[in-house]
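All remarks here apply to the structure that follows.
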Amino acid sequence: MEEEEYSGEVYNLEVEEEESYSVGFVVHNSAGVNLPAYRVIIRDTKRYSNFGWSDIPVLEIQQMMGRAGRPKYDKEGQAIIIAKTEKPEDLMKKYIFGKPEKLFSMLSNEASFRSQVLALITNFGVKNFKELVGFLEKTFYYHQRKNLEALEGKAKDIVYFLLENEFIDIDLNEQFIPLPFGIRTSQLYLDPLTAKKFKDAFEKLEENPNALGIFQLLASTPDMASLRIRRKEQEDILDYAYEMEGYLYQSIPYWEDYKFEKFLGEVKTAKMLLDWINEVPDVRILETYDIDTGDLYRILELADWLMYSLIELYKLSSPKREVLDFLNRLRLRVKYGVREELLELTSLPMIGRKRARALYNAGFKSVEDIIKAKPSELLKVEGIGAGILEKIYQHFGVELPKVREKKKARRGTLDEFLK
-2 MEEEEYSGEV YNLEVEEEES YSVGFVVHNS AGVNLPAYRV IIRDTKRYSN
48 FGWSDIPVLE IQQMMGRAGR PKYDKEGQAI IIAKTEKPED LMKKYIFGKP
98 EKLFSMLSNE ASFRSQVLAL ITNFGVKNFK ELVGFLEKTF YYHQRKNLEA
148 LEGKAKDIVY FLLENEFIDI DLNEQFIPLP FGIRTSQLYL DPLTAKKFKD
198 AFEKLEENPN ALGIFQLLAS TPDMASLRIR RKEQEDILDY AYEMEGYLYQ
248 SIPYWEDYKF EKFLGEVKTA KMLLDWINEV PDVRILETYD IDTGDLYRIL
298 ELADWLMYSL IELYKLSSPK REVLDFLNRL RLRVKYGVRE ELLELTSLPM
348 IGRKRARALY NAGFKSVEDI IKAKPSELLK VEGIGAGILE KIYQHFGVEL
398 PKVREKKKAR RGTLDEFLK
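For the sequence shown, the working numbering assigns the number -2 to the initial residue and increments by one for each residue that follows.
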């Protein structure tokens, strides 16, 4: 069976004990949960994806509605779709009377095919090409196409790619041998093409470790959701690429239109990540790059995963200690969105980019400064309340002394003006 791993989040009501059942609601996102109910309420018919907001497929909505009506308990069930900005009649036409979309195997996607072939060899004991094709013949992908020659040709191309780039080897009996680079790539759920791009960049990375070059490298991989480049932005981003070309690990592809436009999108994404780790406020990033909050946090989540993967693969290549240290610090900066001087403070519980900067600007520049400070002094810092301070003290294994918390004036208010 071919499955696409769900990588989102499941949201549940935060309620005491069995309260969610007593009030009659169980909230979830329908992913992987077979939970029949008399009434199913579908709150949204759109969701965020790589390409922005898009309609949830008919197949998924009808699958959700199919949970209405509990076997043994109900003779019928109710399914309600909430119409927000959409016209109810349009939703009825599409989701009630419409036909589900046709299913296509995920192996139709080149990246998925590469990843699955590598996983079969490194994780699932496929020993040789005959076994590989035998397994692929049993998939939905082959069932839809019924073309053995094309399947063998595609599988052969991927095997050659994996051999050439040292993901696997092959012995004299034509048996596959998984190599450490291939095993780790599969464990990280990376597209092998992403891993190859990382490996090809190691030499330049060691010569010139810098945030912009690394971020452009991440953005160039098939596993990253790079920002689109708009026509009005092209000149500014190209000027920036010219100016920063010495920091990039890839030359500007001037003469290939598709690659050139894609490259500018990668540079735009790298520039946005650079703004993030230099503590540019979220709101300004959203305005500057004309993106939604979902765009920003999806890219940050992917960047964190890819930074971790880059570090793990680099460890297999006789790494230089100073480069590895740089990569680890940069990953933390991506995670917290801070300059390097704030990394120590962000190691404390409940301290993110805003609170860390407030503490630093107030003179508390290290964990040692926090330990030595009086609670009353820390409570004067914006964003640090008794609850936050208690978490910090618990982190050090110390009980917070009883202190009287003074009411802080809120920024941009009359309280602040009059204080």
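For each residue, glycine too, the CB sits at the ideal point set by N, CA and C.
- Pairwise C-beta distances place the stretch 276 to 292 in contact with the stretch 210 to 228, as three or more of them are shorter than 8 Å.
- Here residue 252 carries a coil assignment [DSSP, helix/strand/coil].
- Within the same chain, 226, 261, 264 and 265 come within 7 Å of residue 234 by CB-CB distance, once the 5 residues on both sides are set aside.
- In summary, residue 104 is buried, with 16 or more beta-carbon neighbours lying within 10 Å of its beta-carbon over all protein chains present.
- For secondary structure counted as the alpha helix (DSSP H) over 4 or more consecutive residues, the stretch 300 to 333 holds these complete runs in sequence order: 318 to 333.
- Straight through space, the alpha carbons of residue 128 and residue 319 are spaced by roughly 44 Å.
- Of the candidates 317, 345, 350 and 323, the residue whose Cα lies closest to the Cα of residue 332 is 350.
- In this structure, residue 245 and residue 210 form a Cβ contact; the two beta carbons are roughly 5 Å apart against a cut-off of 8 Å.
- Sixteen is the threshold: when 16 or more other Cβ atoms of the shown chains lie within 10 Å of the Cβ of residue 179, as they do, the residue is buried.
- When C-alpha distances from residue 100 are compared across 55, 75 and 114, the shortest belongs to 55.
- Taken through DSSP and simplified to helix, strand or coil, residue 52 comes out as strand.
- Contact check for residue 118 against residue 173 passes: the beta carbons are separated by less than 9 Å.
- Within the DSSP bridge table, the entry for residue 166 names 174 as partners.
- In the structure shown, the three-state DSSP call for residue 201 is helix.
- Within the model, the alpha-carbon separation for residue 116 versus residue 183 is close to 6 Å.
- Listed in chain order, the alpha helix (DSSP H) elements of length 4 or more contained wholly in the stretch 105 to 167 are 107 to 119, 126 to 133, 137 to 142 and 145 to 161.
- The Cβ atoms of residue 274 and residue 345 do not sit closer than 9 Å to each other.
- Under the three-state reduction of DSSP output, residue 371 falls in the coil class, being neither helix nor strand.
- Inside the stretch 241 to 288, DSSP marks whole alpha helix (DSSP H) runs of 4 or more residues at positions 254 to 274 and 279 to 286, from first to last along the chain.
- Counting C-beta atoms within 10 angstroms of its own C-beta, residue 89 has fewer than 16 neighbours from the protein chains shown and is therefore classed as exposed.
- In the DSSP assignment, residue 76 falls within the beta strand (DSSP E) that extends over 75 to 78.
- For the pair residue 202 and residue 214, the CB atoms are nearer than the 9 Å cut-off.
- Between the alpha carbons of residue 361 and residue 219 lies a distance of about 41 Å.
- Between the stretch 78 to 96 and the stretch 108 to 115 there are fewer than three C-beta pairs closer than 8 Å, too few to call the two in contact.
- Nearest neighbour of residue 135 by Cα position, chosen from 102, 111 and 162, turns out to be 102.
- Taking 9 Å as the cut-off, the beta carbon of residue 352 is found no closer than this to the beta carbon of residue 308.
- Within the same chain, and ignoring the five residues on either side of residue 325 in sequence, the residues whose Cβ sits closer than 8 Å to its Cβ are 308.
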